[in-house]
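Trainee: Pasting a structure below so you can have a look.
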């Protein structure tokens, strides 16, 4: 059966010694495939090929072992939810078990188109050839359409590249989706006419599944530059379907709302790199928003480094997803961020720019200068 | 503004003293609504009404405080993903923060139809007037259609009420969805013709979003009793839309695959009762599968008690979701399970019945007797 192809998942297991780690690994091999005791597994193909195979077991961080377990590709081919299910379906419920990463062969990767645009596509679209892209957020929820559109105008005039809805903006009566999109796109275009730049508006389409494609297509028709959606709320395959849709062609930004437990759960859940990197590329997300280190969330510099690496490193022929750190992005931390992320990145800033005592225009001007953006770009 | 209605969320916060707990609570009030520093919040409606309000702060378990925070209903009306987003969007990413429960006013609950059937509906459909319902699972993945259908036949003949696909069965070439559903429904019907009972087959429709409704409707057309779907993989609103669909009317069983981190994350994520109880009812799930205590997962008896209480306790006029504990349900533990769950429950057993040395029929017979099921019911 050497011709039967497999893919591999690395699990980090809380275990004090190798024997108990091996037991945990064996349990994963069964749980993620046949879900019966080994004594009941039918001999032949099922026992020899379908059951997960523990291929490596190594001590990792103190009190933990990393197990490499392989599964047959035909369990998951053609079906993204089922790929995720075999990676971490029932085993996600076991304490002390975390998915660190996956190794997918070309036969599986070939089914995933990945990001349509990624950072290079966004650069081309926005006419920004070098340096970090700059993403602003309009807020707070409760403002009316005019006030939000005015914020768009001022952010665009000041030199941001993309301006997105806060993720709490949905279709509330204060600023319903359709008039908000129309007004914000128009405001950005008015600013672009003055600056000569190609700033774009990014509405949040997270919301009832019944209206998702309709809102995406409305945004496209009305001239939005991209859309934002939260996969932990909407479903991972929902984003994959959207990113591969023939009738919707805009870039997609993903938002981490509701995703927290999947990564901050310590020994459970997923590594930052898998969840905000690999998974996003499989979904076809063009830019992934995640909490920056040092802000009001608890991500470490190495968590963010892991995200950057998995968002941009080799994954078959899938385009890179643009890392988009946000949250607590203060101007005096830009140098540290540049060291961490380099220039192939998009920075999300909202509250810090809105709250800058010198006014929004001066704050954006300093941001642009500090990240080394040319004045004509 | 006394007329403006609010809903409330209880958060458990890891905090050593009341002052730091209050700071965490204040941060949640902002993060879940306006997402800007308090100094930037516009005065008037937004500051007075839209920003979350810390309404209670009490010490709970050692090292933790429980904060009751209220939000205006108009932020979430008409939109399930946005309700979840306001409950725990960005704050889900902060460490040491867990959603314990929600208190939704009638104006919000009225938007949720809840389970169409619940336990009472399942009892009626299956002709089982009293005692726990019994759910079997066919597995392992890798068996062909005939072998799986034969398992259905044997489980139905032995006296199980519902027989579901293992959640690892999707549309693999070993046993593709459509022929599997046809053969399993037919096998159960052959057994019913002999027993006079109304056992039913429950296919797993978890899989590509593009085919979800199509598979649901195929199952309905072919005579399946219900369908099973995993919301953590497919999206919470996806299940809500399905449970409210005019063209799909079967009961829905939810499966916990991929959900683990949301509940086993210790101080992060959601209480067992919220995630496997309240949330499932809002989705319209008729029966919720979750790991039983004492099995191979780590749920405690009080975790399971919490699920039972939230699945069945009062939630507006929404029907109860049937608690369906599974995993490690050994026959010698039935008495303890009866004490924990009572009789308004469905027991999921798979591996233990398949692995019973006396054969499947004897094992199911003992199960029926031990839970007090009458021989004619």
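Protein chains in written order, with the numbering used here: chain A, 1 to 377; chain C, 1001 to 1377. Quick reminder that beta carbons are idealized off the backbone N, C-alpha and C, glycines included. Just so we're clear, the structure is a prediction, and the values are computed from it rather than from any experiment.
Using beta carbons (cut-off 8 Å, strictly below), is residue 268 of chain A in contact with chain C?
Mentor: On the first chain, residue 268 of chain A is found 268 positions in, with the first residue counted as 1. Closer than 8 Å to some Cβ of chain C, the Cβ of residue 268 of chain A qualifies, so yes.
Trainee: So, do the segment 1129–1144 of chain C and the segment 1302–1309 of chain C have three or more beta carbon pairs nearer to each other than 8 Å?
Mentor: No, because fewer than three Cβ pairs between the segment 1129–1144 of chain C and the segment 1302–1309 of chain C fall closer than 8 Å, the two stretches do not touch.
Trainee: Nearest chain C C-beta to residue 254 of chain A closer than 8 Å, yes or no?
Mentor: In the first chain, counting from the first residue as 1, residue 254 of chain A sits at position 254. False, the Cβ-Cβ gap to chain C never drops below 8 Å.
Trainee: To the nearest angstrom, report how far apart residue 1276 of chain C and residue 1342 of chain C are at their CA atoms.
Mentor: Along the second chain, read from residue 1 onward, the residue named residue 1276 of chain C stands at position 276. Along the second chain, read from residue 1 onward, the residue named residue 1342 of chain C stands at position 342. When rounded, the distance between both Cα atoms is 18 Å.
Trainee: Put residue 1002 of chain C into one of helix, strand or coil per three-state DSSP.
Mentor: Sequence index remark: in the second chain, residue 1002 of chain C carries index 2 (1-based). For residue 1002 of chain C, the pLDDT reaches just 43, beneath the cut-off of 50, and the residue's location in the model is therefore unreliable, although a value from the coordinates is still provided. Note: residue 1002 of chain C maps to coil in three-state DSSP.
Trainee: When the Cα atoms are used, what is the spatial distance from residue 970 of chain C to residue 139 of chain A?
Mentor: Beyond the ends of chain C as shown, which are 1001 and 1377, falls residue 970 of chain C; an answer cannot be given.
Trainee: Would you call the CB atoms of residue 1144 of chain C and residue 1187 of chain C closer than 8 Å?
Mentor: Stepping through the second chain from its first residue, residue 1144 of chain C is reached at position 144. Stepping through the second chain from its first residue, residue 1187 of chain C is reached at position 187. The answer is no: Cβ separation not under 8 Å.
Trainee: Under the DSSP definition of a beta bridge, which residues are partnered with residue 322 of chain A?
Mentor: Position 322 of the first chain, counted from the first residue, corresponds to residue 322 of chain A. A:287, per the DSSP bridge assignment.
Trainee: Excluding the 5 residues preceding and the 5 following residue 1 of chain A in the sequence, name in chain order all residues of the same chain whose CB lies nearer than 6 Å to its CB.
Mentor: Position 1 of the first chain holds residue 1 of chain A. For residue 1 of chain A, the predicted model reports a pLDDT of 43, less than 50, meaning its position is unreliable and no value from the coordinates is stated.
Trainee: Quick one: measure Cβ to Cβ for residue 1203 of chain C and residue 1219 of chain C, integer angstroms, because I've assumed they're closer than 8 Å.
Mentor: Translated into the one-based positions of the second chain, residue 1203 of chain C becomes position 203. Translated into the one-based positions of the second chain, residue 1219 of chain C becomes position 219. Contact holds; Cβ gap of about 5 Å.
Trainee: Can you tell me whether residue 1208 of chain C is buried or exposed, with buried defined as 16 or more other CB within 10 angstroms of its CB?
Mentor: As a position in the second chain, residue 1208 of chain C is number 208, starting the count at 1. Classification for residue 1208 of chain C: buried.
Trainee: From the DSSP output, read off the bridge partner residues of residue 1059 of chain C.
Mentor: Looking up residue 1059 of chain C in the second chain gives position 59. Bridge partners of residue 1059 of chain C: C:1065.
Trainee: Output needed for residue 946 of chain C: all residues of its chain with C-beta closer than 6 Å, excluding positions within five of it in sequence on either side, in chain order.
Mentor: Since the first and last residues shown for chain C are 1001 and 1377, residue 946 of chain C lies out of range.
Trainee: Taking the C-alpha atoms as reference points, what is the distance between residue 1151 of chain C and residue 148 of chain A?
Mentor: Looking up residue 1151 of chain C in the second chain gives position 151. Looking up residue 148 of chain A in the first chain gives position 148. Rounded to the nearest angstrom, the two C-alpha atoms are 60 Å apart.
Trainee: Between residue 1268 of chain C and the rest of its own chain, which residues show a CB-CB distance below 7 Å, the 5 nearest in sequence each way excluded?
Mentor: Start at 1 with the first residue of the second chain, and residue 1268 of chain C comes out as number 268. For residue 1268 of chain C, where only same-chain residues beyond five positions count, the Cβ hits under 7 Å are 1095, 1097 and 1098.
Trainee: Under 8 Å between C-beta atoms, does residue 1081 of chain C make it to chain A?
Mentor: In the second chain, counting from the first residue as 1, residue 1081 of chain C sits at position 81. So yes, residue 1081 of chain C belongs to the interface.
Trainee: Would you tell me roughly how many angstroms separate the C-alpha atoms of residue 1014 of chain C and residue 1064 of chain C, rounded to the nearest one?
Mentor: For the purposes of this step, residue 1014 of chain C is taken as residue 14 along the second chain, with counting starting at 1. For the purposes of this step, residue 1064 of chain C is taken as residue 64 along the second chain, with counting starting at 1. Rounded to whole angstroms, residue 1014 of chain C to residue 1064 of chain C spans 5 Å at the Cα level.
Trainee: Beta carbons nearer than 9 Å to chain C: which residues of the segment 229–247 of chain A have them?
Mentor: Listed in sequence order: 230, 231, 232, 233, 234, 235, 236, 237, 238, 240 and 241.
Trainee: Using a C-beta cutoff of 8 Å, does residue 1124 of chain C count as contacting chain A?
Mentor: The residue you call residue 1124 of chain C lines up with position 124 of the second chain. Cβ-Cβ to chain A under 8 Å: no for residue 1124 of chain C.
Trainee: By the 7 Å beta-carbon criterion, what residues does the segment 152–179 of chain A contribute toward chain C?
Mentor: If the cut-off is 7 Å between Cβ atoms, the segment 152–179 of chain A has 166, 167, 168, 170, 171, 172 and 173 near chain C.
Trainee: Please list, in chain order, the chain C residues whose beta carbon lies closer than 9 Å to that of residue 298 of chain A.
Mentor: Residue 298 of chain A sits at position 298 when you count from the first residue of the first chain. Within chain C, the residues near residue 298 of chain A are 1093, 1094, 1095 and 1096.
Trainee: Name the one or two DSSP bridge partners that residue 1053 of chain C has.
Mentor: Translated into positions along the second chain, residue 1053 of chain C becomes position 53. DSSP output for residue 1053 of chain C lists C:1070 as bridge partner(s).
Trainee: Helix, strand or coil, according to DSSP, for residue 1013 of chain C in the structure here?
Mentor: Indexing the second chain from 1 puts residue 1013 of chain C at position 13. Reduced to three states, the DSSP call for residue 1013 of chain C is strand.
Trainee: Determine the chain C residues that contact residue 70 of chain A at a beta-carbon separation under 7 Å, and present them in chain order.
Mentor: Against the first chain, residue 70 of chain A aligns to sequence position 70. Result: empty, since nearest Cβ-Cβ is about 15 Å, beyond 7 Å.
Trainee: Using a Cβ cut-off of 8 Å (strictly closer), state whether residue 1201 of chain C contacts chain A.
Mentor: In the second chain, residue 1201 of chain C corresponds to position 201, counting from 1. By this cut-off, residue 1201 of chain C is not an interface position.
Trainee: List the whole-angstrom C-beta distance separating residue 32 of chain A from residue 68 of chain A, where the pair is believed to meet the contact cut-off of C-beta under 8 Å.
Mentor: Mapped onto the first chain, residue 32 of chain A falls at position 32. Mapped onto the first chain, residue 68 of chain A falls at position 68. Their Cβ separation, rounded to whole angstroms, is 13 Å, which puts residue 32 of chain A and residue 68 of chain A out of contact at 8 Å.
Trainee: Can you confirm whether residue 1142 of chain C, when its beta carbon is compared against all beta carbons of chain A, has any partner nearer than 8 Å?
Mentor: The count along the second chain starts at 1 and reaches residue 1142 of chain C at position 142. Yes, contact with chain A.
Trainee: Would you mind listing the beta strand (DSSP E) stretches within the segment 291–352 of chain A that are 3+ residues and don't spill past its ends, in chain order?
Mentor: Whole beta strand (DSSP E) segments, 3+ residues: 322–326 and 346–349.
Trainee: Who pairs with residue 163 of chain A in a beta bridge, going by DSSP?
Mentor: Reading the first chain from its first residue, position 163 is the one you call residue 163 of chain A. A:136 and A:201, per the DSSP bridge assignment.
Trainee: Between the segment 152–161 of chain A and the segment 357–368 of chain A, can you find at least three pairs of beta-carbon atoms closer than 8 Å?
Mentor: A contact exists between the segment 357–368 of chain A and the segment 152–161 of chain A.
Trainee: Do you know how far the Cα of residue 271 of chain A is from the Cα of residue 232 of chain A?
Mentor: Mapped onto the first chain, residue 232 of chain A falls at position 232. Mapped onto the first chain, residue 271 of chain A falls at position 271. Near 15 Å, if we compare the C-alpha coordinates of residue 271 of chain A and residue 232 of chain A.
Trainee: Interface residues of chain A around residue 1139 of chain C at Cβ under 7 Å?
Mentor: Taking the second chain and counting its residues from 1, one reaches residue 1139 of chain C at position 139. Result: 34, 35 and 36.
Trainee: Touch check for the segment 1250–1258 of chain C and the segment 240–252 of chain A: three-plus C-beta pairs under 8 Å?
Mentor: The segment 1250–1258 of chain C is not in contact with the segment 240–252 of chain A.
Trainee: Which parts of the segment 1073–1115 of chain C are runs of the alpha helix (DSSP H), unbroken and 4 residues or longer, counting only runs that do not cross its ends?
Mentor: Whole alpha helix (DSSP H) segments, 4+ residues: 1080–1088 and 1106–1109.
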